[in-house]
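Protein chains in written order, with this note's numbering: chain A, 1 to 393; chain B, 394 to 786.
For glycine and all other residues, C-beta sits at the position ideal for the given N, C-alpha and C.
For reference, the structure is listed below as structure tokens.
There are 2 protein chains.
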Amino acid sequence: MSEACAVGEVMGPKGDPDERRLAWVYLSRVVQGPCAPLSSLIASVGVCEAARAVREHELPAALRGPTTRRREIDSAAADLETIARLGGRVITPDDEEWPGWRMLGLDQLDTERDREAAVPLVLWARGPLSLHAASERAVAVVGSRCSSGYGLQVASEISCDLAGRGWTIVSGAAFGIDAAAHRAALAVGGKTVAVLACGVDRPYPAQHDRLLAAIADSGLVVSEYPPGISAQKHQFLARNRLIATLGDGVLVVEAGLRSGARNTVKWARRLGRPAMAVPGPVGSASSAGCHRMIREGEALLVTRVEDIIDEAGPLRLPVAEGVPVDPAGHLRGAEAEIYAALPAIGSRLPRELSQQSGVDLATVRAVLPSLELAELVGCDSDGWFRTSSRRAG
Amino acid sequence: MSEACAVGEVMGPKGDPDERRLAWVYLSRVVQGPCAPLSSLIASVGVCEAARAVREHELPAALRGPTTRRREIDSAAADLETIARLGGRVITPDDEEWPGWRMLGLDQLDTERDREAAVPLVLWARGPLSLHAASERAVAVVGSRCSSGYGLQVASEISCDLAGRGWTIVSGAAFGIDAAAHRAALAVGGKTVAVLACGVDRPYPAQHDRLLAAIADSGLVVSEYPPGISAQKHQFLARNRLIATLGDGVLVVEAGLRSGARNTVKWARRLGRPAMAVPGPVGSASSAGCHRMIREGEALLVTRVEDIIDEAGPLRLPVAEGVPVDPAGHLRGAEAEIYAALPAIGSRLPRELSQQSGVDLATVRAVLPSLELAELVGCDSDGWFRTSSRRAG
């Protein structure tokens, strides 16, 4: 039977759906969190056969450690009842709701190096949102637990604006910035997803039980830990990777020098997601981490929702337009290419010019000021434009 | 005689010093500001012969335009009396005080492209400071005229701190940030240089006559425009280039999207000087220009005097130290090189690691987070360190 299932596996997830689901849930309870060796075993022999192998301890050495302690606990059926009783569900890679494309980044990480770098086995969820739909256009908004009034205001304004434009706000339901981001999304009837480092039946922090209930009412509360599991330190690191995974980008609104938000930003960068940070007053300790990340090139400075969508949204390549020859006739090389990439009317940002011209961004940024001093191009809050276009218009 | 002087020129500035000085001053009055064609004529035939050629209008076409209108005015002797009466002096390239090494960047600019891109002929000066000494360790602190209380406070604190550590504060004596920077330097008995876009006998803005008098008492007020010349728009652009030229770096404390500080930053970058900007609250219009320059990579975000000295000061290359092999034995390529560049004890900044390892900064910044997730390195407010060094200590 499990043999059949394993064979079925080779031709894609056939086999008995209920047996497969029980196998996923059993394994989720055994390893509690990401487990790269188990994920590769499942990839090669299928989930049912992997479950059987774990149960019967017929395992490669790498898997004995993570599975020995709990392999004899099979509470899969009970766990499914529990999550159902909570009005929730378990989302497995077999389900349409599984955001497989989101996990591709995780697939490509070096799982040798750190235990969190693996695709979750399943996601336990509460709430009406489809995870697949919710994570189609999503931004992770995270930050300091001890945030300032300034930080809370900025987090609220940006999250309201993003949620109002149909973006899902993903965060960790922590005190401070996280909570402000979730509340702002709820306030405008937007989509929000809370990713927990404990079971979805455990409100963490406890003071946020009502916030989490509200998110579960209209949004989604998810965790890769089965019901009943409480939050452990290393689980927060794994949780941060999920927050980064579920967003098109990570925005840090406020962060002290040692804020956990920095860890989420690192995951974003490893996953190839844009990492963004909001600046603040230089004297503010709760902005020091943001300033450091911006200064060190770990995060891009953003101040407006437009900046964020520009980074996290799909690339908006400008349409090539006719180039009047005269004004820039003497230009050569990169200067000529960059000037040519500017539209006859309208403005472009340096990265758009880089995309358009094929000239690398550093060169674009180095050349534009010279062109401006030569009065061939100008720059305003919309970006760079040809001075000829303004004189004309 | 002028012939002899021209010949002398070929073997360096011999000739009659007084005649040479009169020639410099005459030409400064004729062209009023930077004039690349005249600079190259002087370079080739010497200042006395150049003065004669201008006087007698024996000129290449490029020089006829800039010199025709005033070539018959020779008020050199009177100008020298005027500046002496003001307790000032004229500084020419013949004088020891001339900061020749500062001008090298200007020499290398494309003078075809913009009229300001030229070495000044002379500098008119008031004040006891030697320009050479004053510009040895100098930072240009500039910013918005309509600055916020926040901006004024940051400009004052940073300028006090820099001036207190022996750095000269160079600025433009404008309202707002410029004035705060000058005043802060004066307040701690530090060195400050005001660069004007008009004659040094003209207090501009008029409301700053006492500030300029105070700077002339203990610091230096300089201009490339002869006494009596009032400020014209294009002269501010030329003035900004001098501010950037006289500093080891340019710091923008506050700037609106259209602030002139942006022009000074562009000069700094063309001259190869670091351009730095201080962030502020995202809602503040007077920080919008700083945020844009940081976001677009035109200026580096700085929050502390240490950051500024790190950029503008001489490079502090770390001394290589013994590398314990064990913890990072499995590392290869850039990861290994970057880990090796970390000292056994103490911290390094990414750019130091880049210098030390020869790995480019972008790669260093990309690799460090992976090493941190692998728990091989850590990071605190001093920079990146080996976790082994902390466990050890």
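Residue-chain proximity (residue i, chain A), Cβ-Cβ < 8 angstroms
| i | result |
| --- | --- |
| L650 of chain B | yes |
| K626 of chain B | no |
| T756 of chain B | no |
| T696 of chain B | yes |
| R462 of chain B | no |
| P427 of chain B | no |
| V547 of chain B | yes |
| S679 of chain B | no |
| V718 of chain B | With a pLDDT of only 37 at V718 of chain B, under 50, the local geometry of the prediction cannot be trusted, and the value read off the model is given with reservation. Not an interface residue. |
| P743 of chain B | yes |
Where residue i meets chain B, residues with beta-carbon distance less than 8 angstroms
| i | result |
| --- | --- |
| L300 of chain A | R688 |
| R269 of chain A | A759 and P762 |
| K191 of chain A | Those do not exist, as K191 of chain A stays about 24 angstroms from chain B at its closest Cβ, beyond 8 angstroms. |
Min CB distance residue i to chain B below 8 angstroms
| i | result |
| --- | --- |
| R316 of chain A | Any reading at R316 of chain A is ruled out, since the residue's pLDDT is 33, under 50, leaving its predicted position unreliable. |
| P66 of chain A | no |
| A320 of chain A | Note that A320 of chain A scores a pLDDT of 30, beneath 50, so its modelled location is shaky; the value from the coordinates is reported in the next line. No, its Cβ sits nowhere closer than 8 angstroms to a Cβ of chain B. |
| D360 of chain A | no |
| H426 of chain A | The shown model of chain A, from 1 to 393, leaves out residue 426 of chain A, and the question about it has no answer. |
| T387 of chain A | no |
Reduced DSSP category for residue i - H, G, I as helix; E, B as strand; rest coil
| i | result |
| --- | --- |
| G612 of chain B | coil |
| L694 of chain B | strand |
| D753 of chain B | coil |
| R688 of chain B | helix |
| G105 of chain A | helix |
| D773 of chain B | strand |
| A587 of chain B | strand |
| F778 of chain B | strand |
| R390 of chain A | helix |
| R595 of chain B | coil |
| R348 of chain A | strand |
| H330 of chain A | coil |
| V418 of chain B | helix |
| E224 of chain A | coil |
| S747 of chain B | helix |
| E768 of chain B | coil |
| S763 of chain B | helix |
| L579 of chain B | helix |
| A244 of chain A | helix |
| I229 of chain A | coil |
| A341 of chain A | helix |
| F568 of chain B | coil |
Residue i: contacting residues in chain A (beta-carbon distance under 7 angstroms)
| i | result |
| --- | --- |
| P674 of chain B | Y150, G280 and P281 |
Beta-carbon neighbours of residue i, restricted to chain A and to distances below 9 angstroms
| i | result |
| --- | --- |
| D773 of chain B | L257 and R258 |
Minimum Cβ-Cβ distance from residue i to chain D less than 8 angstroms
| i | result |
| --- | --- |
| A179 of chain A | In the structure shown, chain D does not exist; the protein chains are A and B. |
Can you give, in chain order, each stretch of the beta strand (DSSP E) that sits fully within the segment 504 to 563 of chain B and has at least 3 residues? With a minimum length of 3 residues, the continuous beta strand (DSSP E) runs that stay inside the segment 504 to 563 of chain B are 516 to 519 and 531 to 535.
Taking the runs of the alpha helix (DSSP H) that are 4 residues or longer, which of them lie wholly in the segment 643 to 685 of chain B? Listed in chain order, they are 654 to 663.
Please give the ranges of any alpha helix (DSSP H) in the segment 28 to 97 of chain A, keeping only runs that are unbroken, at least 4 residues long and fully inside the region. Assignment of alpha helix (DSSP H) within the segment 28 to 97 of chain A, counting only whole runs of 4 or more residues, yields 36 to 45, 47 to 55, 61 to 68 and 76 to 85 in chain order.
How about the segment 559 to 570 of chain B and the segment 537 to 548 of chain B: do they share at least three Cβ pairs that are nearer than 8 angstroms? Contact between the segment 559 to 570 of chain B and the segment 537 to 548 of chain B is present, with at least three C-beta pairs closer than 8 angstroms.
If you pair each beta-carbon of the segment 632 to 648 of chain B with each one of the segment 664 to 677 of chain B, do three or more pairs fall below 8 angstroms? Output reads yes: the segment 664 to 677 of chain B touches the segment 632 to 648 of chain B.
Stretch pair the segment 181 to 199 of chain A + the segment 226 to 234 of chain A: three plus CB contacts closer than 8 angstroms: Judged by Cβ distances under 8 angstroms, the segment 181 to 199 of chain A makes contact with the segment 226 to 234 of chain A, as three or more pairs qualify.
Under 8 angstroms, with one C-beta from each stretch per pair, do the segment 216 to 227 of chain A and the segment 113 to 125 of chain A reach the 3-pair mark? Yes: the two stretches touch, three or more of their Cβ pairs being nearer than 8 angstroms.
If we count Cβ pairs, one from each stretch, closer than 8 angstroms, do we get three or more for the segment 549 to 557 of chain B versus the segment 693 to 702 of chain B? In short, these stretches touch, since the Cβ pair count reaches three.
Are the segment 125 to 141 of chain A and the segment 206 to 223 of chain A touching, with three or more C-beta to C-beta distances below 8 angstroms? In this structure the segment 125 to 141 of chain A touches the segment 206 to 223 of chain A; the number of beta carbon pairs closer than 8 angstroms is three or more.
Given 8 angstroms, three or more beta-carbon pairs between the segment 15 to 29 of chain A and the segment 75 to 85 of chain A: Yes, they touch.
For the pair the segment 360 to 378 of chain A and the segment 647 to 664 of chain B, tell me if three or more CB-CB distances fall below 8 angstroms. The segment 360 to 378 of chain A and the segment 647 to 664 of chain B touch, with no fewer than 3 CB-CB distances between them shorter than 8 angstroms.
Are at least three pairs of beta-carbons, each pair with one atom in the segment 279 to 293 of chain A and one in the segment 670 to 684 of chain B, less than 8 angstroms apart? The segment 670 to 684 of chain B and the segment 279 to 293 of chain A touch, with three or more beta-carbon pairs separated by less than 8 angstroms.
Taking contact to mean at least 3 C-beta pairs separated by less than 8 angstroms, is the segment 186 to 196 of chain A in contact with the segment 92 to 104 of chain A? By the C-beta criterion, the segment 186 to 196 of chain A is judged not to be in contact with the segment 92 to 104 of chain A, since fewer than 3 inter-stretch pairs fall below 8 angstroms.
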